[in-house]
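Q: Here it is, the structure in full.
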Amino acid sequence: MLAAAPARAATAVTDKVISTVAQAQTNVPVTFGQVFKAGDIPRGRTVTATIKGQPIALQVDSKATYPDGSLRHAVLTVMTPTLPGNATLPLTLSAGPSPAATGQDVPISLSQLLATSYDTSVSLNIGGRKYTANARTLLQTAKDTNACKPWGTQCNQWLSGPQASEWIVNGPVTAADGTTNPNLRIYFAVRAHAHGSHGAVRQVQTDVIVENSWAYMPQAQPQYTATLISGSAGYTSPALTQYAYTRWHQVLWWNHAQPQVYLQQDTGYIQASKAVSRYMPLTPDEKFLASLRQACAPLDHCDQTQKMHMAGAQAAIGPLPRWTSVYIVNPDLRAYNWMLANTDALGAYDIHYRDQATGWPLSIQQHPNVTTTGWAYANGVAKQALTGSAVHREKVAAYRRDLLPTCVNNTVVTNCTPTSYGTGNPNLWDNAHQPAQSYVPYLVTGSYYYMSELAFAASFNEIWSGAEYRDYAKGLIDKSHSQVRGKAWTLRQMADAAWLLPDDYPLKAEFKADVENSLADWNQKYTNNPNANPLGLLDSGHSYSMQGGTRNAMAPWMHNFFTWSAGHAAELGFAGAGELRDWLAKFEIGLMTDWQANPTQGYCWLEASAYTLVVADPTGKTYLPSYSAIYAATFPSLVGLACNSPAMVTAMETLEKQPWQAGKMHGYPDSATGYPANLQTGLAAAADSAVPKAHDAWNRFESRSVKPSGTTAYNNYPNFAVMPRSVSQ
């Protein structure tokens, strides 16, 4: 769809087209993803654009819509006629009438692309043997067989318009004798740009994707160097070992015809759209921005924690990872590149399971018994004889059908066993420590690669869990994740994918059903259960033992993450999420305000950020009746002292073994990663709830005397710097 801005259209958002070189450029193509607030681009309307107030043609590839039909997310392409050197031009996006079809909006065709000499090739040197794949050959075959269509497995049409058309084709790498490598497959995302009516193709961008992702292929770990060529442009990789279920990509512009431009989005508008949380107004330091990684080599974990389960406070933890939250508070080009570099790094983790039969990430609706964490059990069932009752035979057959192949020892991997699941990959993913995978990168780039990363992450969150615990195809999160933080981050990842993926993406409805099923499950257990505990606690959250008890304590910071996640799902519009958030929010609000009714016996807010709390009797089976009881069981030396009084401060000095002051909370309060920072996420969500004293709790938190500051301030580490929408700054 091509549209030009009419006069006096209502502005939705103004982004910036920024030249990154001193030389002037003409006819500069810019393609990007844009999220919109619900209702900003109503059903029946489209997006129009102006640059410095002058209407300009805009191509709109709609991807996702709201229930009311208004546009949620689109990939936009604009051809900037003139871009002076080092200039910044305002690109204003507005709602306008959908234009009538004319001869000016004929999409760039595959024939037009193939009429040029365009090609991109991949050559892999595997053990001295050359394997190749060729984009032009795959495109020609797709054209000849009329295979290109939305979500086609041989040729997927991603963009279609007069300014940009994009096709994704794929094939194996093949040796000179016709032998193919069974594990490696190349995907070419080929985007052709033209300008003017029926204009010739001027520039071609190719995102070359190298995958070892077939879910049910026997695992292998090819070792190779890769050479990519697109006209005069090229790339040669370092020596690589590609473990099973990993991928990497590299973008090339044919003949180096890459525009030197950055589309800087209004990230305040992104926050206002509720796609991400509202963040404090922050400015990262210039020295910090200048130090940021700008790219990531193939299959390198870069700034991601290599073994995610080994560290709790890592840069990827939070509603958004550090690199993404920095971008959201300040969309400097260096922050943008840092975010994309560390999203690329996630290709090195074994979370990419593609179904050979469908061409898409594994589906638990098609493979209800697939699992990685529960693989040993699944393998045991699959080995049983097909005898006995019909129910037993079907169970064995189902686990056999869906059993993933585990790794086998060889010269590359040496720690494999036939009774446990593994890939030998030294980069270890952990659901309880997972980052928000590719959500904002896809949202702002509109890239097919980042879209598929978002889908792979959601699929892996499904298949990671034990089949019976998630209730097979229902995708229930609660029982299948023992750690509360694991529940939180899994809910976030599934909600993000279900909300942002294109409306017609093959697995979107499945991901949405997972979220809805999980929210209904939690609400049945807690929100709508008159016998649920009165404290807002999850029954499976007792993972700690304190005061001589057994599993009678929990981590409030994990609960904070889950309250935030439920609030995030509520902001994305998932039914039942708001009710769950309100039920959970009783906990954060209670810890901050319980003292008000009884200043000497009630729970004092200075300890609302404690690492662990006793919440049940010594057996771990019966909840304590109140927040005051939790306080007395966990902090007996503080009971009887007026909350935040001089006597309390003196007692805190003894308890904490360091100097203290009024208004200082427990747990590294001056740090951007301290426990008060963790609490901030849950409190921000709680403050937007309908629970009594919600704003009192937030205001009390804001009154604390020690906040992240200095070298540990939020400016350069804003992961947890979220705010309620219902309070003024």
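Throughout the sequence shown, residue numbering follows the numbering used here, covering 129 to 857 in sequence.
Virtual Cβ for every residue (Gly too), placed ideally from N, Cα, C.
Between the beta-carbon of Arg98 and the beta-carbon of Trp342, is there less than 7 Å?
A: In the structure displayed, the chain extends from 129 to 857; residue 98 sits before or after that span and is not available.
Q: Write down the C-beta distance between Arg200 and Phe164 rounded to the nearest angstrom, noting that I regard them as a contact closer than 8 Å.
A: Counting from one through the sequence shown, the residue named residue 200 turns up at place 72. Counting from one through the sequence shown, the residue named residue 164 turns up at place 36. That belief holds up - the Cβ atoms of Arg200 and Phe164 are roughly 6 Å apart, short of 8 Å.
Q: Are Thr208 and Val149 close, meaning C-beta to C-beta below 7 Å?
A: Working through the sequence shown from its first residue, we reach residue 208 at position 80. Working through the sequence shown from its first residue, we reach residue 149 at position 21. No; because the gap between Cβ atoms is not below 7 Å, this pair is not in contact.
Q: First and last residue of the alpha helix (DSSP H) that includes Val524?
A: In the sequence shown, residue 524 corresponds to position 396, counting from 1. That run of the alpha helix (DSSP H) goes 518-530.
Q: Suppose you measure from the CA of Ala770 to the CA of Ala192; what does that come to, to the nearest Å?
A: On the sequence shown, position 642 is the one that residue 770 refers to. On the sequence shown, position 64 is the one that residue 192 refers to. Distance between the alpha carbons of Ala770 and Ala192 is about 53 Å.
Q: Counting only the same chain and skipping the five closest in sequence on each side, list residues whose C-beta sits under 7 Å from that of Ala825.
A: Here residue 825 refers to the residue found at position 697 when the sequence shown is read from its first residue. Taken in chain order, the residues that qualify are Glu716, Ile717, Met720, Thr721, Leu811, Ala814, Ala815.
Q: Helix or strand or just coil, what does DSSP make of Trp451?
A: Position 323 of the sequence shown, counted from the start, is the residue given in the question as residue 451. If DSSP states are grouped into helix, strand and coil, Trp451 belongs with the helices.
Q: Suppose you measure from the CA of Asn214 to the CA of Lys180; what does that come to, to the nearest Å?
A: Here residue 214 is taken as the residue at index 86 of the sequence shown, counted from 1. Here residue 180 is taken as the residue at index 52 of the sequence shown, counted from 1. Going from the Cα of Asn214 to the Cα of Lys180 covers about 16 Å.
Q: What does DSSP give as the partner residue(s) for Thr840 in the beta ladder?
A: For this step, residue 840 is matched to residue 712 along the sequence shown. Thr840 pairs with nothing; no bridge assigned.
Q: Under the assumption that Ser831 contacts Gly795 (Cβ atoms under 8 Å), give the Cβ distance between them as a whole number of angstroms.
A: Along the sequence shown, one-based indexing puts residue 831 at 703. Along the sequence shown, one-based indexing puts residue 795 at 667. About 17 Å; that fails the 8 Å criterion.
Q: Only counting runs of 4 or more residues, tell me where the alpha helix (DSSP H) segments fall wholly within the segment 359-435, in order along the chain.
A: For the segment 359-435, whole alpha helix (DSSP H) runs of length 4 or above, ordered along the chain, are 395-400, 414-418.
Q: My output table needs one value for Met345: the three-state DSSP class, helix, strand or coil.
A: Along the sequence shown, one-based indexing puts residue 345 at 217. Coil at Met345, not helix or strand.
Q: Does Arg869 come out as helix, strand or coil in the three-state DSSP assignment?
A: Nothing about residue 869 can be reported from this structure: the residues present for the chain run from 129 to 857 only.
Q: In angstroms, rounded to a whole number, what distance separates the CA positions of Leu221 and Thr230?
A: The residue labelled residue 221 in the question sits at position 93 within the sequence shown. The residue labelled residue 230 in the question sits at position 102 within the sequence shown. Whole-angstrom Cα-Cα distance: 22 Å.
Q: For Tyr672 versus Thr740, is the C-beta spacing smaller than 7 Å?
A: The sequence position of residue 672 within the sequence shown is 544, counting from 1. The sequence position of residue 740 within the sequence shown is 612, counting from 1. Yes, these two residues count as a Cβ contact at 7 Å.
Q: Going by C-alpha to C-alpha distance, which of Asp460, Tyr570, Val541 sits closest to Gly552?
A: Within the sequence shown, residue 552 is the residue found at index 424, counting from 1. The shortest C-alpha separation from Gly552 is found at Val541.
Q: Which word fits Val568, buried or exposed, when buried means at least 16 other C-beta atoms lie within 10 angstroms of its C-beta?
A: Locating residue 568 in the sequence shown gives position 440, counting from the first residue. By the 10 Å Cβ count, Val568 comes out buried.
Q: Is it true that the CB of Tyr570 sits closer than 7 Å to the CB of Leu582?
A: Taking the sequence shown and counting its residues from 1, the one referred to as residue 582 is at position 454. Taking the sequence shown and counting its residues from 1, the one referred to as residue 570 is at position 442. Going by C-beta atoms, Leu582 is nearer than 7 Å to Tyr570.
Q: Using 8 Å for Cβ pairs, my map puts Pro533 next to Tyr344. What's the rounded Cβ distance?
A: Locating residue 533 in the sequence shown gives position 405, where the first residue counts as 1. Locating residue 344 in the sequence shown gives position 216, where the first residue counts as 1. Indeed, because the Cβ distance is near 7 Å, the residues count as touching under 8 Å.
Q: Helix, strand or coil for Asp766, going by three-state DSSP, please let me know.
A: One-based indexing of the sequence shown puts residue 766 at position 638. Sequence inspection shows Leu at residue 766; the Asp mentioned does not correspond to that position. Three-state result, Leu766: coil.
Q: Compare the C-alpha of Lys258 against each of Ala354, Lys271, Met438 and name the closest.
A: By 1-based counting over the sequence shown, the position of residue 258 is 130. Checked all of Ala354, Lys271, Met438; the closest Cα to Lys258 is Ala354.
Q: Going by beta carbon distance, what residues of the same chain come within less than 8 Å of Ala861, once the five residues before and after it are set aside?
A: Residue 861 lies beyond the range of the chain shown here (129 to 857); nothing can be said about it.
Q: For the beta strand (DSSP E) containing His687, list its first residue and its last residue.
A: As a working note, residue 687 is residue 559 in the sequence shown. Unbroken run through His687 is the alpha helix (DSSP H), 684-699; no beta strand (DSSP E).
Q: Which residues does DSSP pair with Trp295 in a beta bridge?
A: Working through the sequence shown from its first residue, we reach residue 295 at position 167. For Trp295, which the question treats as bridged, DSSP gives the partners Gln285, Val318.
Q: Under three-state DSSP, which class holds Leu211?
A: As a position in the sequence shown, residue 211 is number 83, starting the count at 1. It is a strand residue.
Q: Does the beta-carbon of Ala135 have 16 or more other beta-carbons within 10 angstroms, so that it is buried, or is it exposed?
A: Numbered from 1 along the sequence shown, position 7 holds the residue referred to as residue 135. Caution is warranted here: a pLDDT of 41 is assigned to Ala135, below 50, making its placement in the model unreliable, and no coordinate value can be reported.
Q: Is Thr248 near Ala270, with beta carbons less than 7 Å apart?
A: Working through the sequence shown from its first residue, we reach residue 248 at position 120. Working through the sequence shown from its first residue, we reach residue 270 at position 142. For Thr248 and Ala270, no; Cβs fall outside 7 Å.
Q: Between the Cα of Gln432 and the Cα atoms of Ala463, Ser198, Val338, Ala473, which residue gives the shortest distance?
A: Position 304 of the sequence shown, counted from the first residue, corresponds to residue 432. Of the listed residues, the one whose Cα sits closest to Gln432 is Ala473.
Q: Starting from the Cα of Asn383, find the closest Cα among Thr395, Leu356, Gly396 and give me that residue.
A: In the sequence shown, the residue the question calls residue 383 occupies position 255. When each option's Cα is compared against that of Asn383, the closest is Leu356.
Q: Please list the terminal residues of the continuous beta strand (DSSP E) segment that includes Asp143.
A: To locate residue 143, count along the sequence shown from 1; it is residue 15. Unbroken beta strand (DSSP E) run through Asp143: 139-147.
Q: Figure out for me which residue from Gln285, Val612, Thr747 has the closest Cα to the Cα of Asp189.
A: As a position in the sequence shown, residue 189 is number 61, starting the count at 1. The residue with the shortest Cα to Cα distance from Asp189 is Gln285.
Q: What's the call for Ala304, buried or exposed, on a 16-neighbour Cβ count within 10 Å?
A: Your numbering for residue 304 matches position 176 in the sequence shown. Classification for Ala304: exposed.
Q: Going by DSSP, what residue range makes up the beta strand (DSSP E) through Tyr259?
A: Counting from one through the sequence shown, the residue named residue 259 turns up at place 131. First-last of the beta strand (DSSP E) with Tyr259: 257-262.
Q: Just to confirm my understanding: we take Asp168, look at its own chain, exclude 5 residues before and 5 after, and list those with CB closer than 6 Å. What are they?
A: By 1-based counting over the sequence shown, the position of residue 168 is 40. Around Asp168: Ala140.
Q: Tell me whether Gly810 sits in a helix, a strand or coil according to DSSP, three-state version.
A: Mapped onto the sequence shown, residue 810 falls at position 682. Note: Gly810 maps to helix in three-state DSSP.
Q: Look at the alpha carbon of Ala425 and the alpha carbon of Ala185, and state the distance between them as a whole number of angstroms.
A: For this step, residue 425 is matched to residue 297 along the sequence shown. For this step, residue 185 is matched to residue 57 along the sequence shown. Going by the C-alpha atoms only, they are around 36 Å apart.
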